[in-house]
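Below: one structure, written as structure tokens.
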Amino acid sequence: MSWYTWLEQGRDINVSNQVLTAVARVLRLSPDETAYVVALAAPAEGSEDPTPEAAPEHLQHLVDALPFPAFIVAADWAIVGWNDGYAELYPPIAALAPEDRNLIWLVYTDPRLRSMLPDWERDSRSFLAEFRTESGVRLSSDRHRALVARLREASADFRAQWAEHAIERFTSRTRVFVLPDGERRFEHHRLVPSDAAGLHVVAYVPIG
């Protein structure tokens, strides 16, 4: 599917929305997949915004005030801020090298995080489909290309799942983590600050 790959690479292939919609219909793409392909053909300005090295002070204050695990991710899923609740849930976070402090990288390379997910195959595919959907034309940026290349080299699982080209929008849902003291259940939510649209605040609200 060369045209699909070219779109993700940010190439100008001069395809109208009508043509893309017709192709999507022939290929029986889902509504999410169709919206993704159309968005790739008309990337928004600012898709190359730099990733901050740390969360803005006001967002860090926000997650610090939350009484449950929360963290802040950039467009390439670099984790740029977190609170004590998240550090308790995932203790290695503070000691990681900055280049490894990336959620999609950890999903595929950290055995500890893998052991926390009761159904790693399902969860990793869901994470990767969401990452691809949100990245869109940013996949052509230097930072995203470097991350994908590094993951392809480090993880056979990533290579296989990346080739599936799965697309999935984020939806709030129940998450279960397996911890040394047993399972813990959370509602997984994500918020986009109106004054920092390139960042997401991810919150795990305890349930049960």
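For the sequence shown, numbering that gives the first Met the number 0 gives the first residue as 0, with consecutive numbering after it. Beta carbons: idealized from backbone N, C-alpha and C, even for Gly.
Query, Result
"Boundaries (first-last residue) of the beta strand (DSSP E) holding residue 184", "181 to 190"
"Pick from 86, 129, 158 and 71 that is closest to residue 80, judged by C-alpha positions", "71"
"Length of the line joining the Cα atoms of residue 151 and residue 107", "10 Å"
"8 Å Cβ cutoff met for residue 103 and residue 127", "yes"
"Endpoints, beta strand (DSSP E) assigned at residue 77", "It is not in any beta strand (DSSP E) - residue 77 carries neither H nor E in the DSSP assignment."
"Cβ contact check for the stretch 60 to 79 and the stretch 189 to 206: 3 or more pairs under 8 Å", "yes"
"Three-state secondary structure (DSSP) of residue 66", "coil"
"Residue 178: first and last residue of the uninterrupted beta strand (DSSP E) it sits in", "172 to 178"
"Bridge-paired residues (DSSP) for residue 199", "72"
"Chain-order list of residues whose beta-carbon lies under 6 Å from that of residue 115 (same chain, five-residue window excluded)", "176 and 177"
"Every unbroken alpha helix (DSSP H) inside the stretch 122 to 168 [4 residues or more]", "141 to 153 and 155 to 161"
"Inter-residue spacing [alpha-carbon to alpha-carbon] between residue 192 and residue 59", "12 Å"
"Nearest candidate by alpha-carbon position, reference residue 134, set 169, 153 and 112", "169"
"Reference residue 105, options 163, 84 and 75, closest by Cα", "75"
"Contact set for residue 117: own chain, Cβ-Cβ below 6 Å, skip 5 residues either direction", "175 and 177"
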